[in-house]
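One structure below.
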Amino acid sequence: MNTGETTGDATVGAGSPAAPRSLRDVLLLPGRGTATLLLVVAALSAVSLLSRAVDGVPGLDGVPGLDNLERWFYVDREGGVPAWFNAVLLFVCAERLWQVSRAARTGGHPQRRWRRHWLLLAVAFGYLSFDEMSAVHEIVIGPLRDGFGLTGFLSFAWVVVAVPLVLAFGLLFVRFLLAQSRAVRWGVLLSAAVYLGGAVGVEVLSAGAYSALGEDSAVYVLAAGVEEALEMTGLVLFLGVVTTVLRGWVARPVVVSLPQDAGRQRTGA
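So, in C-alpha cells, the structure goes:
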C-alpha cells in the first residue's frame, strides 16, 4: 500500500539490455537461442556423416527412410536440409542488419554515419542467402577452372573470385569496425573468421581432396562436413552479435510519470 508522496519520473526499461561488456555477452542470443542453434548444427553434421556412412552398405539399400537420407541431409548436396538451414540463418542475419541500418538513420544516432555500412551488410547477407539455395557460385566453377587450367586446391575455382572480393570488402569495413565497441568488433571478427575459415579455408582443402581422391573419399566427406559446420557456426555467432546490437539500439525506455501526493489511503471506517 502506498501511503507516501512520490515526485518525479520513474524510468522502466522496455527490455533494453545493458551495453555488452564482454565477447560472451555480444555473441549469445536471448535465452538459450545460441545453444539451441548450435545443437541443430551438430545434429545436421552428424546426420550428414551418417547418410554417407550408410550409403551403399549391403542390405541397407531401399530401407524406408535411409534411401533418401543422403539426398536430404548430406551437406554437400544442394537443396537439402542443411542448405535450407544455412539459407535461413543468412536471411535472418540480413533482416536484422537491415533493421539496424534503419535504426541508425535516426537523427543524432551515434551510428548514423555508418548506416550505409549496415545496409551494405544486409544486402550482402541477402545475396548469400539467395546464393545458398540457387548455387549461383557453382556456375562459375567450370568456366574458371577450364579457362585458367585450375586443378588441385583450386579445383573449386569460385574461390579465385571470392578471395579478392572478401579482402576488398574487409578493407571497406576497417573504419566501420574500429567505430564499434570492443565487444561488438571482436564478435564480428570472430564470427567472420569461423565462417570464412569454413567457406574459403576448408573449401580449398576439400577441393584438394576432391581432386586427388574423389568426392566419395572419406577425406573429402569429412572436409565437406567440417566446412559446412564452420559456416553454420559462424552464422549463429554473427546472429548473436547483430541481435545484441539491434536490441540495444531499437529498445527505448518507457517513462512512467508518477503524480505527486499519489493515492493517499483512507484509514477511517
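Heads up, the sequence shown is in our numbering, so the first residue is 124 and it goes up one at a time. Note that the Cβ used here is the ideal one computed from N, Cα and C, for glycine as well. Please read these numbers as outputs of a predicted model, since none were measured by experiment.
Short Cβ contact (7 Å threshold) for residue i with residue j
i: TRP207; j: ALA227; result: no
i: LEU150; j: THR366; result: no
i: LEU353; j: GLY320; result: yes
i: SER278; j: ALA330; result: yes
i: ASP199; j: ALA346; result: no
i: SER334; j: THR274; result: yes
i: VAL344; j: ARG175; result: yes
i: VAL170; j: MET355; result: no
Cβ neighbours of residue i in the same chain (closer than 7 Å, five flanking residues each side left out)
i: TRP237; result: ALA227, PHE299, ALA302
i: VAL204; result: LEU167, TRP195, PHE196
i: ALA210; result: SER252, GLU255, MET256
i: LEU362; result: LEU152, LEU212, VAL215, CYS216
Proximal residues to residue i (C-beta, below 8 Å), its chain only, five neighbours per side dropped
i: TRP372; result: VAL223, ALA226, ALA227, HIS232, GLN234
i: LEU294; result: none
Whole-angstrom distance between residue j and residue i, CA atom to CA atom
i: PRO287; j: GLU326; result: 15 Å
i: GLY136; j: LEU369; result: In this prediction, GLY136 has a pLDDT of 31, which is less than 50 and means its spatial position is unreliable; what the coordinates show is noted afterwards. If you take the alpha carbons of GLY136 and LEU369, they lie about 15 Å apart.
i: VAL342; j: LEU336; result: 8 Å
i: THR157; j: VAL359; result: 7 Å
i: TYR318; j: THR229; result: 31 Å
i: LEU173; j: GLU261; result: 25 Å
i: GLY324; j: VAL282; result: 9 Å
8 Å contact criterion, which residue i and residue j should meet: CB distance rounded
i: ALA315; j: GLY357; result: 7 Å
i: ALA258; j: GLU338; result: Going by Cβ atoms, the distance from ALA258 to GLU338 rounds to 16 Å, so no, they are not a contact pair.
i: LEU220; j: ALA245; result: 4 Å
i: ALA306; j: SER145; result: 6 Å
i: VAL177; j: LEU162; result: Wrong, their Cβ atoms sit about 22 Å apart, outside the cutoff.
i: VAL284; j: VAL263; result: 7 Å
Same chain only: Cβ atoms within 6 Å of residue i, ignoring 5 sequence neighbours per side
i: LEU160; result: VAL359
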